[in-house]
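To keep things clear, I will list the structure first and then write my remarks on it.
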Amino acid sequence: MASDLQQQLAASSLYDAESLKAFNQMYNSSQNPYGNGFDKNYPASALPFFQHFAPYTNPNATASSFSPSGSSTSSTSSQQHQHPTKKKPVPVPAEQKDETYFERRRRNNEAARKSREARRKQDNDNGTRVIQLEQKDEEIAIY
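Counting from 1, position 122 in the sequence shown corresponds to residue 122 in UniProt numbering; the numbering is continuous, with no gaps.
See the structure below:
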């Protein structure tokens, strides 16, 4: 397994013997105040992992197969967020239209009417607030 990985690294374009050599020297040197490893808190068993660290390479990928425009981050950010669609109304058969059905419809219609009125009132309030703020802006701009 390890030799397969080493062969893949050697064959890949990301393998750089000089940088790996420098990496190993940096963490094996006696000048490191904490001894072996990145930090004094790292156990000695973690050292082999850090010594053999190399970027992941896909052995099946070619050097020109990666395209930043085709990466997943750019494709997801360019997609439009779609709002959930409204549920389609299902007609209620005439035999199921009893007193509770009509009461439910009456309450729903009343709630919809109140919601529309509240939205209109809020829009009107926002419009008057915008006009007031624009007038204040003009007054400030005069000075």
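Glycine included, each C-beta is placed from N, C-alpha and C at the ideal position. These numbers come from a predicted model, not from an experiment.
Between VAL92 and TYR101, the C-beta spacing is below 8 Å. In the three-state DSSP reduction, LYS121 falls in the helix class (H, G or I). Taking the Cα positions, LYS86 is about 32 Å away from VAL130. In the structure shown, VAL130 falls within a helical segment according to DSSP collapsed to helix, strand and coil.
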